[in-house]
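Numbering-wise (my numbering), the sequence shown opens with residue 257 and increments by one. Note that beta-carbon positions come from the ideal geometry of N, C-alpha and C, so glycine has one too. These figures come from a predicted structure and were not determined experimentally. The structure under discussion appears below in the form of structure tokens.
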Amino acid sequence: MEHFTIATVAEQSPDFRRVLWTGKHTQLVIMTVPPGGEIGEEIHEVDQILTFVSGIGKAVVGGQTRKVEQGDLVVVPAGKKHNFLNEGPNPLVLYTVYGPPEHADGAVHKTKEEADAAEEAGKDEPPTE
């Protein structure tokens with residue numbers, strides 16, 4: 257059994273992205289977006305569910321924009337362009353579930369730049385089985 261006190265684990269991580277668990281059909285990832293930062297506009301071929309633990313931000317999904325804060329959950333269906341921006345003075349902390357997995361098992365990226373470089377180099381590919 258895997259067990260996480262997820263809000264606490266997410267709050268304690270300074271990393272931009274950290275994969276906590278990868279299964280055959282889903283993946284659990286925590287993220288910390290610094291003030292003024294963003295996840296970056298992207299489109300996945302997988303479904304994504306994001307739950308916000310702390311901070312204030314903006315969700316842009318499929319051309320729609322909404323404010324997000326602690327306790328909010330946003331669903332991003334596969335194929336929808338999306339971005340999440342930190343609009344507050346504190347880190348925007350969240351956990352997200354991808355189905356199927358989107359990132360390399362156990363991946364840790366301290367910054368967005370590090371995450372982008374890993375993706376571009378093909379070093380952040382999800383497991384194939």
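CB of Pro-291 within 8 Å of CB of Gly-327, strictly: Not in contact: Pro-291 and Gly-327 (Cβ atoms no closer than 8 Å).
Environment of Pro-357 [buried if 16+ CB atoms lie within 10 Å]: Buried, because 16 or more other Cβ atoms sit within 10 Å of the Cβ of Pro-357.
Nearest-angstrom Cα separation, counted from Gly-319 out to Pro-383: 31 Å
Segment limits, alpha helix (DSSP H) that includes Val-265: Under the DSSP assignment, Val-265 falls in the alpha helix (DSSP H) whose first and last residues are 262-268.
Range covered by the beta strand (DSSP E) that runs through Lys-323: 320-325
Counted within 10 angstroms of its Cβ, other Cβ atoms place Phe-260 as buried (16 or more) or exposed: Phe-260 comes out exposed.
Chain C contact for Gln-283 (CB, 8 Å cutoff): No chain C is present in this structure, which holds just one protein chain.
Alpha carbon of Lys-337 to alpha carbon of Lys-280, nearest angstrom: 25 Å
Limits of the beta strand (DSSP E) - the one that Ala-315 falls within: 312-317
Counterpart residues of Gly-279 in DSSP-defined beta bridges: Answer is none; Gly-279 lacks a bridge partner.
DSSP-derived helix/strand/coil call for Asp-303: DSSP places Asp-303 in strand when its eight states are reduced to three.
Identity of the residue in Arg-274, Ala-266, Lys-379 nearest Phe-308 by Cα: Ala-266
Sheet register partners of His-338 (DSSP bridge): Glu-298, Val-317
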